[in-house]
Each structure stands twice: as C-alpha cells, then as structure tokens.
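Novice: Numbering (this note's numbering), first residue to last: 7 to 230.
All C-beta atoms, glycine included, are put in the ideal place defined by N, C-alpha and C.
What follows is a single structure, and I will ask about it in a moment.
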Amino acid sequence: MAFLGSKSMIEDNYKQRGLRGKLVRKLRTKGIRNEAVLDAIGKVPRHVFFDEALLGHAYEDKAFPIGEGQTISQPYTVAFQTEKLEIKPGDKVLEIGTGSGYQACILLELGAKVYTIEFNKILYEKTKEFLPSLGYHPYFFLGDGSKGVPVRAPYDKIIVTAGAPVIPDALIEQLADNGILIIPVGGREKQTMVRLTKKKGVLKKEEFDTFAFVPLLGKQGWKP
Ligand code: SAM
Numbered sequence: 007m008a009f010l011g012s013k014s015m016i017e018d019n020y021k022q023r024g025l026r027g028k029l030v031r032k033l034r035t036k037g038i039r040n041e042a043v044l045d046a047i048g049k050v051p052r053h054v055f056f057d058e059a060l061l062g063h064a065y066e067d068k069a070f071p072i073g074e075g076q077t078i079s080q081p082y083t084v085a086f087q088t089e090k091l092e093i094k095p096g097d098k099v100l101e102i103g104t105g106s107g108y109q110a111c112i113l114l115e116l117g118a119k120v121y122t123i124e125f126n127k128i129l130y131e132k133t134k135e136f137l138p139s140l141g142y143h144p145y146f147f148l149g150d151g152s153k154g155v156p157v158r159a160p161y162d163k164i165i166v167t168a169g170a171p172v173i174p175d176a177l178i179e180q181l182a183d184n185g186i187l188i189i190p191v192g193g194r195e196k197q198t199m200v201r202l203t204k205k206k207g208v209l210k211k212e213e214f215d216t217f218a219f220v221p222l223l224g225k226q227g228w229k230p
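So, in structure tokens, the structure goes:
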C-alpha cells in the first residue's frame with residue numbers, strides 16, 4: 007500500500023491535478039451533478055493512496071486494491087454515495103469502512119465532521135497515521151461498524167462503504183431525525199444502493215443502481 011510512501015509520491019503536481027480535472031469531467035458525464043462533490047473530488051489527491059506500481063491508475067474511474075484484501079472505492083461510487091447524502095457543512099457523518107481514508111477526505115472537504123470506523127486493525131492503524139499527515143482529521147474508531155458507533159450518536163448522515171446483507175438496525179437507531187443513510191444492500195458479490203431518510207421517526211426507502219462492494223463483516227454483516 008502507498009500509505010506513508012515517499013515524499014515525491016505524496017507531492018501533488020500539475021500532472022496529477024490535470025488528471026483529477028479529467029476524472030471530474032468523466033464523473034459529470036456519468037451523471038454526478040453536485041458541484042461541491044465534484045469540487046471535493048477535484049481537490050483530494052487520490053494517487054497518494056496507491057502503491058507505486060499502480061500509481062499510473064490513480065485517476066482511472068476504477069476500484070483498486072489497498073492491501074488486506076480491501077479496495078479504495080471507484081471514484082464514481084464515492085461521488086454517487088456522497089451526492090445522495092446531501093452533505094451540508096457541519097453535518098455529523100458516520101462512515102462505516104474507513105479503508106484507505108479517501109472517502110473520509112471527500113466528506114471532510116465538504117465541511118462535514120467525520121466519524122469513521124474500520125474493522126481491520128492494520129488498515130485502521132495505517133489510515134489513522136496517514137490521513138493527518140495530509141491535513142485530514144476525522145475521528146477514527148476500530149471495531150464492528152455494523153453496530154455503528156453508539157457513543158457519538160446520533161448522526162446526520164451515515165455512509166456504509168461495504169456491501170451489507172441487511173440494513174443494520176443499529177445504524178437506523180443512530181440516525182438523527184431528518185438524517186440520511188446510504189448503504190449497498192444485497193448479496194456478497196452485488197448490491198443495490200439504498201437510501202433511507204428518517205423524518206419524525208418514519209423511514210422513507212429509495213433504491214438506486216447495482217454496485218459491487220467488498221462485504222460488510224460483523225454482527226449484522228457477513229461472516230468473515
Ligand atoms: N471508504 C473506503 C475508502 O475510501 O478507501 C473504502 C472502503 S472498502 C470498499 C470497505 C472497507 O470496509 C474495508 O476497509 C473493510 O475492512 C471495511 N469493513 C468491512 N466490514 C466492516 C465493519 N463491520 N465495520 C467497519 N469496517 C468494515
């Protein structure tokens with residue numbers, strides 16, 4: 007994994023900024039409309055999350071390995087989920103599945119206060135050390151995010167970045183009134199993107215396209 011890579015890899019140069027601009031234009035053609043989300047994608051360096059061998063692919067619209075059998079999500083997926091969350095500056099956001107930390111950086115660029123939980127100890131430790139070195143400061147937690155992070159609940163927004171077999175009850179409970187939860191739900195290989203909106207205790211459910219996430223593990227996830 008490129009985390010804590012050489013200084014030259016971390017530097018954000020003219021070429022990388024150009025490639026990010028190209029990626030933003032691609033996401034626009036794929037239907038992403040929220041300018042704040044597109045701006046955030048245009049700002050966060052994605053190449054710094056990549057292994058040196060994969061560096062040339064950092065601004066392709068594809069998911070890539072980050073070690074531990076996990077992936078950094080496809081930029082379109084990151085943009086899609088983030089857009090559906092309708093983030094406002096100051097929103098308290100819980101992310102399940104810290105992974106590389108890229109999604110957390112996008113949320114922070116939008117002015118959210120980010121709480122992020124990761125199940126894999128190696129990824130948790132790497133990302134907890136790496137993100138602050140880039141100037142990004144979410145609150146990090148290690149554990150089973152299918153149970154949420156009750157100590158800091160409620161959350162205005164919750165984003166699950168791994169595929170779940172069901173919508174975990176704990177996440178619905180920890181969602182604030184007027185809150186939005188975005189989560190891929192379905193089988194181990196493919197899931198439907200689901201958005202739940204909570205209004206005066208009543209849940210509205212919307213379903214979007216099919217995506218392919220790595221599995222959400224844990225109590226209300228898949229068995230490892
Ligand atoms: N958001 C990440 C990023 O920006 O790089 C991508 C996440 S990756 C597609 C999914 C992550 O969810 C993996 O790092 C995996 O270890 C984590 N995960 C799986 N089950 C989890 C659980 N129950 N709680 C927290 N994290 C979990």
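(1) Please report the residue range of the alpha helix (DSSP H) in which Arg201 lies.
(2) Is it the case that the CB of Phe70 approaches a heavy atom of ligand 1 more closely than 7 Å?
(3) Consult DSSP for Gly73 and reduce its assignment to one of helix, strand or coil.
(4) Would Thr35 be called buried (16 or more neighbouring beta carbons within 10 Å of its own) or exposed?
(5) What residue range is occupied by the uninterrupted alpha helix (DSSP H) comprising Ala182?
(6) With distances taken between CB atoms, is the gap from Gln226 to Pro174 smaller than 8 Å?
(7) Taking only heavy atoms of ligand 1 into account, decide whether any of them is closer than 7 Å to the Cβ of Phe219.
(8) So the alpha helix (DSSP H) Phe86 belongs to, where does it begin and stop?
(9) Rounded to a whole number of angstroms, what is the C-alpha to C-alpha distance between Gly48 and Phe70?
(10) When every heavy atom of ligand 1 is checked, does at least one fall within less than 7 Å of the C-beta of Asp150?
(11) Run through the DSSP bridge pairs and tell me what Glu101 is partnered with.
(12) Based on the DSSP output, what are the partners of Ile78 in its beta bridges?
(13) Would DSSP call Val157 helix, strand or coil?
Specialist: Walking through what the data contain:
(1) It is not in any alpha helix (DSSP H) - Arg201 instead sits in the beta strand (DSSP E) that spans 197-205.
(2) no
(3) Look at Gly73 here: in three-state DSSP terms it is strand.
(4) The residue is exposed, with fewer than 16 neighbouring Cβ atoms inside 10 Å.
(5) Note, Ala182: premise wrong, no alpha helix (DSSP H); beta strand (DSSP E) at 181-192.
(6) Against a cut-off of 8 Å, the Cβ pair of Pro174 and Gln226 comes out as a contact.
(7) yes
(8) From DSSP, the alpha helix (DSSP H) with Phe86 extends over 81-91.
(9) 19 Å
(10) Yes; taking the cut-off as 7 Å, the Cβ of Asp150 has a heavy atom of ligand 1 nearer than that.
(11) Per the DSSP secondary-structure output, Glu101 pairs in a beta bridge with Thr122, Ile165.
(12) Phe70
(13) helix
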